[in-house]
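What follows is a single structure, written as structure tokens, with notes after it.
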Amino acid sequence: MATPQSSQSSFIKSVAVDCSLGSDAFKLRSFHYTESLGQPFKGVLELQSDSADIDFAQLLGKPMTVSITLPDGGQRYYSGLARCIRQTGDAGNTALYRAEIVPWITCLELGSDCRIFQNKSVIDILHQIFEDLGFSDYDVSGVIGNYSPLEFCAQYNETHSNFVHRLMQRFGIYYFHKHVAGRHTLALCDSHTSHKSFPGYATIPYKCAKGTAYNWEHIFLWSASEQMRSGKYTLKDYAPSSPKADLVASHTSSHSYPHGDLERFEYPGGYAKQDDGDSLATVRIEQSECRGKEFFGEAFCFGLSVGSTFSLEDHPRNDQNASYLTESVDFSIEVSKLEAAPAYSYRSGFKAIPASLQFRPERSAPTPRIAGVQTAVVVAPVGQDSSVPYTDASASATVQFHWDRAGSKDEKSSCWLRCSQPSAG
32 MATPQSSQSS
42 FIKSVAVDCS
52 LGSDAFKLRS
62 FHYTESLGQP
72 FKGVLELQSD
82 SADIDFAQLL
92 GKPMTVSITL
102 PDGGQRYYSG
112 LARCIRQTGD
122 AGNTALYRAE
132 IVPWITCLEL
142 GSDCRIFQNK
152 SVIDILHQIF
162 EDLGFSDYDV
172 SGVIGNYSPL
182 EFCAQYNETH
192 SNFVHRLMQR
202 FGIYYFHKHV
212 AGRHTLALCD
222 SHTSHKSFPG
232 YATIPYKCAK
242 GTAYNWEHIF
252 LWSASEQMRS
262 GKYTLKDYAP
272 SSPKADLVAS
282 HTSSHSYPHG
292 DLERFEYPGG
302 YAKQDDGDSL
312 ATVRIEQSEC
322 RGKEFFGEAF
332 CFGLSVGSTF
342 SLEDHPRNDQ
352 NASYLTESVD
362 FSIEVSKLEA
372 APAYSYRSGF
382 KAIPASLQFR
392 PERSAPTPRI
402 AGVQTAVVVA
412 PVGQDSSVPY
422 TDASASATVQ
432 FHWDRAGSKD
442 EKSSCWLRCS
452 QPSAG
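Note that this note's numbering has the sequence shown beginning at 32, numbered continuously upward.
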């Protein structure tokens, strides 16, 4: 992302901070906010207060909102949960503090588990995780894909955050945040049809500053880049229930340049049906393609919100005047003259991709690995004669893993698992 530029801004009328201690507990000295598609946002607030003995426990885990009033009366809100509070010193008769706000999904880093989900789709699993942990501020209306139930899916020695991000990244689901006063909503999506322009910012002009002051919001720096990427993704898997099925799925990119036809191959692909494999192959190529063309810029503009689209106009290179999706933002507000008429300095940088490309998150969440063989207890339905092995037609068994605290210790504790015997070679 471009390094944000600073300027005395006429685009801000006032700023304020509201928290569990009230709207007059703090004055804002500065605010730095970063967010990217498919990742939690982070806001750092430098604060000033008349109180030097604030009880941090009254703030931690509770909403804190920065509200920005624009000259036309419009409001911008950035609301998160206070993750960290620090008293940094004093300035005359006032105390200085630093607060860090994050979305509720970041709280999932604080817990971990080992558990099994059976015959649930990725959306069903996300619902269960969020609801079990007490979070309901999320919206799945932007998810339009059809996701088959997963016969067996395990969270194993990993945080709730890593698990849900790993699942979303596997299937190409991502999110951004919608802010209102006092709260934020996690907006899940899997299609570019979920992205709209921020109200009033369908078109944003490019104006190369070069010392010229403009009284309207605009982009003043624009940089385009393109890089090589894989030309084809091929996945393959095997389903014991259909041993003769050739479960190969491929998707090819449309770009054309030397060495751009190299293929990425993965096994196992993580599917048991051909349609699911075809969908995953498409997601894999889209994960590569959406990073092929990237655009970086700096702007005096509050409408560049992550997950929103905009059309650039008035750029001297005509092919740049097109539609884009804002992938990430990084901005800061500095406030001076707190005790008199405040003055505001605004810094803003962003990254965008063509709106015609389907964004997909990178598969950055690590997949847990099990070293060696796992032992488990073979289980059967309640009342089953223990002298008679409970197996299916292929001699598979159901088991209770030692780490599965939620298991019912019966035939529903796991899916059918094929047995491995040393004598089988």
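Cβ coordinates follow ideal geometry from the N, Cα and C atoms, glycine included. These figures come from a predicted structure and were not determined experimentally.
Cβ-based burial, residue i [other Cβ within 10 Å; buried from 16]
i, result
"Leu448", "exposed"
"His290", "exposed"
"Ser273", "exposed"
"Gly338", "buried"
"Ser192", "buried"
"Phe296", "exposed"
"Val153", "buried"
"Cys450", "exposed"
"Thr398", "exposed"
"Ala303", "buried"
"Thr224", "exposed"
"Ile99", "buried"
"Ser172", "exposed"
"Gln106", "exposed"
"Asp221", "buried"
"Gln389", "buried"
"Gly300", "buried"
"Leu90", "buried"
"Tyr206", "buried"
Contacts around residue i, its chain only, beta-carbon distance under 6 Å, and the 5 residues preceding and following it disregarded
i, result
"Arg394", "Gln200"
"Arg260", "Ser319 and Gly323"
"Gly120", "Leu127"
"Ser37", "With a pLDDT of 47 at Ser37, under the threshold of 50, the modelled position of this residue cannot be trusted, and the question is left open."
"Gln210", "Note on residue identity: the sequence assigns His, not Gln, to residue 210. Within the same chain, His210 has close Cβ partners Tyr108, Tyr109 and Ser110."
"Val404", "none"
"Arg117", "Arg129"
"His286", "none"
"Ile175", "Ser222"
Integer-rounded CB distance, given that residue j should sit under 8 Å from residue i
i, j, result
"Ile85", "Gly111", "With a Cβ gap of about 18 Å, Ile85 and Gly111 do not count as contacting."
"Asn150", "Glu189", "About 21 Å; that fails the 8 Å criterion."
"Ala113", "Ala88", "Actually they do not touch by this definition, with Cβ atoms about 11 Å apart."
"Ser444", "Val430", "7 Å"
"Tyr264", "Arg197", "Contact flag wrong, Cβ pair sits at about 19 Å."
"Cys145", "Asp435", "7 Å"
"Ile136", "Leu217", "6 Å"
"Tyr237", "Ile250", "5 Å"
"Leu59", "Val48", "5 Å"
"Ser158", "Ser363", "First, the residue type needs correcting, since residue 158 is His and not Ser in the sequence shown. Actually they are not in contact, since the Cβ atoms of His158 and Ser363 sit about 36 Å apart, beyond 8 Å."
Nonlocal neighbours in the same chain, by C-beta distance under 7 Å from residue i, ignoring five residues either side
i, result
"Ala33", "Confidence in Ala33 is poor, its pLDDT being 48 and thus under 50, which makes the residue's placement unreliable; the coordinate value appears in the next sentence. If we look at Ala33 and ignore the five residues flanking it on each side, its Cβ neighbours are Leu252, Ser254, Phe327, Gly328, Glu329 and Gly380."
"Ala426", "Cys450"
"Val408", "Val430 and Gln431"
"Thr422", "Ala428"
Close beta carbons around residue i, own chain, < 8 Å, minus the five adjacent residues each side
i, result
"Tyr355", "Phe326, Thr340, Phe341, Ser342, Leu343, Ala383, Ile384, Pro385 and Ala386"
"Thr406", "His433"
"Val413", "Asp441"
"Tyr178", "Ser152, Val153, Ile154 and Phe202"
"Asp55", "none"
is_contact[residue i, chain D] using C-beta, thresh 8 Å
i, result
"Lys263", "Structure shown: chain D not included; a single protein chain is present."
Residue i Cβ short of 7 Å to the ligand HEM heavy atom set
i, result
"Ile43", "Looking at this structure, you won't find the ligand HEM or any other ligand, since it has none at all."
Length at least 4, wholly inside the stretch 221-299: the alpha helix (DSSP H) runs in chain order: none
Segments of 3+ residues assigned as beta strand (DSSP E) that fall wholly inside the stretch 351-409: 354-367 and 374-385
Three-pair Cβ contact test at 8 Å for the stretch 298-310 versus the stretch 349-365: no
Beta strand (DSSP E) runs contained entirely in the stretch 305-335, provided each spans 3 or more residues: You should have 324-331.
Contact the stretch 274-285 vs the stretch 165-180: 3+ CB pairs below 8 Å: no
Length at least 3, wholly inside the stretch 84-161: the beta strand (DSSP E) runs in chain order: 94-100, 106-122, 125-133 and 143-148
Runs of beta strand (DSSP E) wholly within the stretch 167-230 (minimum 3 residues, chain order): 169-173, 184-190, 205-211 and 214-220
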